[in-house]
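Accompanying notes for the structure given below.
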Amino acid sequence: MYGGGYIFDEPNGKQLREEKQHDDPEKLAAFEARITRGEKIEPGDWMPAEYRRQLIRLIEQHAHSEIIGALPEGTWITRAPGFKRKLALIAKVQDEIGHGQLLYNAAETLGKSREAMINDLLSGKSKYSNVFNYPAETWADVTVIGFLIDAAAIVNQVANAKGSYGPYCRALERICYEESFHLKQGHDAFIELATGTPVQKQMLQEALNRWWQPIMHFFGPPDKTSQHSEKLMQWKVKMASNDEMRNQFLESYVPKIWELGLTLPDPNLRKDPETGRWQYSDPDWDEFFRVINGGGPCNEERLQVRKWAEEHGRWVRKALMNPQERRALPVA
Amino acid sequence: MSNDSLDPRVNRLKLGDAGAVIKVEEGENWNVYEVFHQEKRGAHHEHVGCVHAPDPQLALVFAKEQFARRKKCVNLWVVRSADILAFDAEDEDMFENNLEKNYRDASGFKVMEKINKFKQSK
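Chains H and B supply the protein sequences, listed in that same order. For what it's worth, the numbering used here labels the leading residue of the first sequence as 1, then goes sequentially. For what it's worth, the numbering used here labels the leading residue of the second sequence as 1001, then goes sequentially.
Given below as structure tokens:
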């Protein structure tokens, strides 16, 4: 869901290639048996090079998504309607940045430094969740993000929290706990508009119409076209297919939208009473790939703001730097 | 970049050109500290994660912000990750218990049987 894209060519890239050539069949069998038994993998364990690469990609892009995802919402802090909404939004945005840090730390245990990850984000090599390349035009957009984008993220994160890599699972446990507040405050603000004045209702309906396609894109391309990854499922890196997660999201949240008298801009959206699965029109996947590759309305602004922050925060980081410090990666 | 952000604060930044290369140097994000959280007096400090910080004092400040902004907390420790000494994960088998170690457990000593037998014999 956090997009395709680049992994890394760290200084230790060479070492990874060697490791790959020497994926010892005996160690691989023991590794896979451990995962089959439901045990977690910890940073010091032997792991296949491909497992390490795919996890770094997944966790790093999840981290970038948290950091970039705070930008469209942060925009609305100064204009949040009322003191309680403003406090909640500040708390949520701070949580998202905190989640980014937890996830960068989890990815660092696999051998890629936080600096290298930030550089790959800034250069556009690394991706982040595509939904954050769209603008939050009105306050109703913020409530749609807070309710539905966070709901979609929770579906994904609850699945991933059952994965095989210990540090990622531990980070997700804390994240899911905080996300439950995000979802609830988003749902509350969403209901307030949906049950409010005709103008509020219309504003919400328009925001919902704008966001429906990005939300359908959120879980990634349909299973029939996405690269099949049996190995990643077996290694418990990927815990559910894109279509499965999309279906789970629709099952939980479409009724919560419809019950408020709102509509969704897809005439084919309905639950098949026989299979119990949701049917929908295929969203425009060309648009998805166009936006993920830089063609969206906000890609440029998002990266520009991140670059500005790095550039203007540098003197603070340097002033506090202690050259005597003995550096290391996180232990767990 | 055209100044057409919906955020007036972003417009005021007068952002530069999109292709500009900004590179963070290795080490610029400081060092890593492991964080231990004490939920209440009398409880153990438990490992909860880590923070990047330039020194232990700021690591404590960041740890408070990151790990103590919601749930109950009465104290935090930080330790430089480089100072943690741990066994190799591959040596896990040395912790496997010999099943006949009940001489170390309370359950290995059955006093009631003996007491009852003694009482009955009287």
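Note that the Cβ used here is the ideal one computed from N, Cα and C, for glycine as well.
Asked: Where F1087/B falls, given that 16 or more other Cβ within 10 Å makes a residue buried; Found: exposed
Asked: 8 angstroms Cβ shell around N12/H - same chain, five flanking residues per side excluded; Found: With a pLDDT of only 43 at N12/H, under 50, the local geometry of the prediction cannot be trusted, and the value read off the model is given with reservation. Within the same chain, N12/H has close Cβ partners G111.
Asked: Cβ shell of N299/H (< 6 angstroms), same chain only, five flanking positions each side left out; Found: N133
Asked: Any C-beta of chain B under 9 angstroms from that of D45/H; Found: yes
Asked: Which of helix, strand or coil DSSP assigns to F218/H; Found: coil
Asked: K231/H CB to nearest heavy atom of the ligand MN below 8 angstroms; Found: Judged by which ligands are present, the structure shown has none, so any question about the ligand MN falls away.
Asked: Rounded C-alpha distance that separates K1025/B from E115/H; Found: Sequence check: residue 1025/B is Glu here, not Lys. Between E1025/B and E115/H, the C-alpha separation is close to 7 angstroms.
Asked: Among P323/H, G124/H, E259/H and V291/H, nearest to H217/H - alpha-carbon criterion; Found: V291/H
Asked: CA-to-CA distance, H187/H to F147/H, given in whole angstroms; Found: 5 angstroms
Asked: F31/H classed as buried or exposed, judged by whether at least 16 other C-beta atoms fall within 10 angstroms; Found: buried
Asked: Cβ-Cβ distance between G1049/B and E1028/B below 9 angstroms; Found: no
Asked: Cβ pair count under 8 angstroms reaching 3, the stretch 1069-1084 of chain B against the stretch 1037-1048 of chain B; Found: yes
Asked: Cβ of L102/H within 9 angstroms of any chain B Cβ; Found: yes
Asked: Nearest-angstrom Cα separation, counted from E42/H out to E26/H; Found: 18 angstroms
Asked: In DSSP terms, what N1075/B is bridged to; Found: Q1038/B
Asked: Same chain, Cβ closer than 7 angstroms to R270/H, neighbours up to 5 away in sequence not counted; Found: Q279
Asked: Min CB distance V331/H to chain B below 9 angstroms; Found: yes
Asked: Endpoints, the beta strand (DSSP E) within which C169/H is located; Found: Run containing C169/H: none in the beta strand (DSSP E); it sits in the alpha helix (DSSP H), G166 to A194.
Asked: H1047/B (DSSP reduced to helix, strand or coil); Found: strand
Asked: Top-ranked residue by Cα proximity to L333/H, from S129/H, L260/H and E73/H; Found: The structure shown does not extend to residue 333/H, since chain H is modelled only from 1 to 332, so the question has no answer here.
Asked: Three-state secondary structure assigned by DSSP to A1053/B; Found: strand
Asked: Bridge partners - K271/H, DSSP secondary structure assignment; Found: W278/H
Asked: Selection from R327/H, L303/H, V316/H and M233/H that minimises the alpha carbon distance to I68/H; Found: L303/H
Asked: Coarse secondary structure for Y134/H, derived from DSSP in three states; Found: coil
Asked: Given V1021/B as reference, the closest of S229/H, K231/H, G124/H and A49/H once Cα atoms are compared; Found: G124/H
Asked: CB contact below 9 angstroms: I7/H versus chain B; Found: Only weak support exists for where I7/H lies, its pLDDT of 43 falling under 50; the value from the coordinates is given anyway. So no, I7/H is outside the interface.
Asked: Inter-residue Cα distance where the pair is L193/H and W76/H; Found: 16 angstroms
Asked: Chain B contact for K14/H (CB, 9 angstroms cutoff); Found: Reliability fails at K14/H, whose pLDDT of 44 lies under 50, so the model's placement of it is uncertain and the value that follows must be treated cautiously. No, no contact with chain B.
Asked: Buried or exposed by the 16-neighbour rule on C-beta atoms within 10 Å, applied to L208/H; Found: buried
Asked: For V1032/B, three-class secondary structure by DSSP; Found: strand
Asked: Spatial distance of R37/H from D266/H (CA atoms); Found: 43 angstroms
Asked: For R1070/B, the three-state DSSP class (helix, strand or coil); Found: coil
Asked: The stretch 98-112 of chain H contacting the stretch 55-74 of chain H, beta-carbon criterion three pairs below 8 angstroms; Found: yes
Asked: Alpha-carbon spacing of Q1120/B relative to S1107/B, whole angstroms; Found: 23 angstroms
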